[in-house]
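*Asks:*
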Amino acid sequence: MICSDPPAETSPARWQGAGPCERQAAGAALVSARAGVPGHRAIQLGAPPQGPRCGQAAKPLSSRPWGGGVPLPTLGHEEGARRLLSWAGGEGRGPRGQTRDGTGAGLQGSSRARPALRLAGAWRAGAGANSKSGSGAPASSGQSRRVPRSPAMPAAPEQQRPAPSPHGELQYLGQVEHILQRGHRKEDRTGTGTISAFGLQARYSLRDQFPLLTTKRVFWKGVLEELLWFIKGSTNAKELSAKGVKIWDANGSREFLDKQGFTDRTEGDLGPVYGFQWRHFGAEYKDMNTDYSGQGVDQLQNVIDTIKNNPDDRRIIMCAWNPKDISLMALPPCHALCQFYVLNGELSCQLYQRSGDMGLGVPFNIASYSLLTYMIAHVTGLKPGEFIHTLGDAHIYLNHVEPLKIQLQREPRPFPKLKILRKIENISDFKADDFQIEDYNPHPAIKMEMAV
0 MICSDPPAET SPARWQGAGP CERQAAGAAL VSARAGVPGH RAIQLGAPPQ
50 GPRCGQAAKP LSSRPWGGGV PLPTLGHEEG ARRLLSWAGG EGRGPRGQTR
100 DGTGAGLQGS SRARPALRLA GAWRAGAGAN SKSGSGAPAS SGQSRRVPRS
150 PAMPAAPEQQ RPAPSPHGEL QYLGQVEHIL QRGHRKEDRT GTGTISAFGL
200 QARYSLRDQF PLLTTKRVFW KGVLEELLWF IKGSTNAKEL SAKGVKIWDA
250 NGSREFLDKQ GFTDRTEGDL GPVYGFQWRH FGAEYKDMNT DYSGQGVDQL
300 QNVIDTIKNN PDDRRIIMCA WNPKDISLMA LPPCHALCQF YVLNGELSCQ
350 LYQRSGDMGL GVPFNIASYS LLTYMIAHVT GLKPGEFIHT LGDAHIYLNH
400 VEPLKIQLQR EPRPFPKLKI LRKIENISDF KADDFQIEDY NPHPAIKMEM
450 AV
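Using numbering that gives the first Met the number 0, the letters of the sequence shown correspond one by one to residues 0 to 451.
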């Protein structure tokens, strides 16, 4: 049984980020838990949620206080005005009677309420048009009428403060909560057992920030060294291990290779995995020590050349999933295909990840493909735009449930910045010393065991 009882949080950051984040495909569960709405969810692994704490039937999204993306005209006018206010950057009442600034002041006490209330008033007039008279007049003579201003009192210009963007990390936390609350129990090749959901997506801005998660410390050195290892085209796990990054050691161990039937391979030889597919797609794989220069398709260089010469091309794709070579790999690629997109001088990347370990792998993958986007943008003279992360089987291993519950209690902190310290022309010339992460102030690391 997994229980999650959302705390009565009234932090402005929570309330400000909740509505937009909830509109993300995978974010509905995030808002219900993190916006402070009262409610208790208790689920049996693999079963749907059981219902709220007081024995009442769970409310559908359309009737919950934040609305769940239901068009405002379907709501009562006052409710519509309040919700629009929260979307338009006004203060409005949040859950438990709190305003967005936590003061408890009502709608009328905020100058920022005016644009929203004015638009809500237009809906009131529209509702009158549906009355029996069909004239559009107010339903009753008791309604207030607009009082014209005196010519000597010109209207002061009204200012709107744009609503702050929700913290990007809330999307990841929302996906974790969604899987815990709505996921299904599934077995897996490791025998550990998972809770799984299918088809999630998140978007992370790369503009003047770098999405290295802050609710736990992410192994930045591992992210960087592994990506440089991929770019090199290496398939030797011992090369990475020698740099202090042990994340591939288990899959390259003698025991694991023998178990997969690769008894004739040297320990550490992973087969034609990511780096080989990126730089030598279609070449015949022999072993990790063979020089494959000039063999196969260099997908990574093709991506870079196309971005430079034909940035509007819709085929700027790099694929690690090679059906011919799957049986030769120690581990088939989880992050299978990425596509790049150029618009207004910015480079964005979308990754399709067939399988995502939400506890250990996904935070790593978010950082890795964001870093790759930064690097390709650098060598092509563009600015980083967005990283869009699409997940197929998004799962939580059963032995990661409790550590992730700890992580869900933590407030995200500002994302760090990534600096590239020298001008690089060739993607293969990057070194670890060329990168600097600034202002990374995460919560402490959370230990989770890797399922092998």
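Just so it is clear, CB atoms sit at the ideal spot from N, CA and C, and this is done for glycine as well. All figures in this text were calculated on a predicted structure; none of them were measured in a lab.
Quick one: grab the DSSP three-state call for N235.
*Replies:* strand
*Asks:* Quick one: what's got a C-beta closer than 8 Å to L346's C-beta in the same chain, skipping five residues either side?
*Replies:* I306, F339, Y340, T372, I375, A376, T379, L381, K382, P383 and G384
*Asks:* For I365, report the span of its beta strand (DSSP E) as first-last.
*Replies:* No beta strand (DSSP E) contains I365, which is instead part of the alpha helix (DSSP H) from G360 to T379.
*Asks:* Decide if A236 is buried, meaning its Cβ has at least 16 other Cβ atoms within 10 Å, or exposed.
*Replies:* Under the 10 Å beta carbon count, A236 is surrounded by 16 or more other beta carbons and is classified as buried.
*Asks:* Could you tell me the boundaries of the beta strand (DSSP E) in which I419 lies?
*Replies:* K416 to I419
*Asks:* When the Cα atoms are used, what is the spatial distance from E410 to K231?
*Replies:* Take the alpha-carbon of E410 and the one of K231: they are about 37 Å apart.
*Asks:* Would you list the residues sitting across from M357 in a DSSP beta bridge?
*Replies:* Beta-bridge pairing links M357 to no other residue.
*Asks:* Could you have a look at D304 and say whether DSSP puts it in helix, strand or coil?
*Replies:* In the structure shown, D304 sits in a helix (DSSP, three-state: H, G or I).
*Asks:* Expressed to the nearest angstrom, what Euclidean distance is found between the alpha-carbon atoms of N425 and L299?
*Replies:* N425 and L299 have their C-alpha atoms spaced approximately 11 Å apart.
*Asks:* What is the rounded straight-line gap between the Cα of H442 and the Cα of K323?
*Replies:* 43 Å
*Asks:* Under the rule that 16 or more other beta-carbon atoms within 10 Å means buried, what is E437, buried or exposed?
*Replies:* Per the 10 Å Cβ criterion, exposed.
*Asks:* I'd like to check one pair, I365 with P210: are the Cβ atoms closer than 8 Å?
*Replies:* yes
*Asks:* Does DSSP put A241 in a helix, a strand or coil?
*Replies:* Annotated three-state conformation of A241 is helix, per DSSP.
*Asks:* Let me confirm a value: K446 is counted as buried when at least 16 other C-beta atoms fall within 10 Å, else exposed. Which label applies?
*Replies:* Result: exposed.
*Asks:* Roughly how many angstroms lie between the CA atoms of S354 and H334, to the nearest whole one?
*Replies:* 7 Å
*Asks:* What residues are listed by DSSP as bridge partners for Q200?
*Replies:* The partner list for Q200 (beta bridge, DSSP) reads T389.
*Asks:* Using 8 Å as the threshold, is the C-beta distance between Y273 and A319 below it?
*Replies:* yes
*Asks:* On the CB-based measure, 16 or more other CB atoms within 10 Å of its CB, does Q406 come out buried or exposed?
*Replies:* buried
*Asks:* Nearest to K430 by CA position, among Y396, D356, E168 and L223, is which residue?
*Replies:* L223
*Asks:* Between which two residues does the alpha helix (DSSP H) harbouring E168 extend?
*Replies:* Run containing E168: E168 to R181, per the alpha helix (DSSP H) assignment.
*Asks:* Count the other CB atoms within 10 Å of the CB of L420; is the residue buried (16 or more) or exposed (fewer)?
*Replies:* exposed
*Asks:* How many angstroms separate the CA atom of L403 from the CA atom of L397?
*Replies:* 10 Å
*Asks:* Could you name the residues of the same chain whose beta carbon sits closer than 6 Å to that of Q276, not counting the 5 residues immediately before and after it, in chain order?
*Replies:* Answer for Q276: A319 and N321, listed in chain order.
*Asks:* Looking at G270 and M328, is the spacing between their C-beta atoms short of 8 Å?
*Replies:* A distance below 8 Å separates the beta carbons of M328 and G270.
*Asks:* Starting from Y273 and walking both ways along the alpha helix (DSSP H), at which residues does that stretch end?
*Replies:* Y273 to H279
*Asks:* Which value, in whole angstroms, describes the spacing of the CA atoms of L417 and F434?
*Replies:* 7 Å
*Asks:* To the nearest whole angstrom, what separates the beta carbons of Y171 and F386, a pair I think is in contact under 8 Å?
*Replies:* With 8 Å as the limit, Y171 and F386 do not qualify as a contact, their Cβ atoms being about 12 Å apart.
*Asks:* Based on the DSSP secondary-structure assignment, which residues constitute the bridge partners of L346?
*Replies:* V341 and P383
*Asks:* Which residue marks the beginning of the beta strand (DSSP E) containing I436, and which one marks its end?
*Replies:* F434 to E437
*Asks:* For the candidate residues D356, S367, G221 and L169, whose alpha-carbon lies nearest to that of C337?
*Replies:* S367
*Asks:* Is it right to say E401 is buried, meaning 16 or more other beta carbons lie within 10 angstroms of its own, or is it exposed?
*Replies:* exposed
*Asks:* Quickly, what does DSSP pair Q408 with across the bridge? List them, please.
*Replies:* Answer is none; Q408 lacks a bridge partner.
*Asks:* On a CA-only basis, which of Q200, E254 and V244 is nearest L390? Give me that one, please.
*Replies:* When only C-alpha atoms are compared, the closest one is Q200.
*Asks:* So, under 8 Å CB-CB, L212 and P362 are touching, yes? Tell me the CB distance rounded to an integer number of Å.
*Replies:* 5 Å
*Asks:* Alpha carbon to alpha carbon, what distance is there between L359 and M449?
*Replies:* 7 Å
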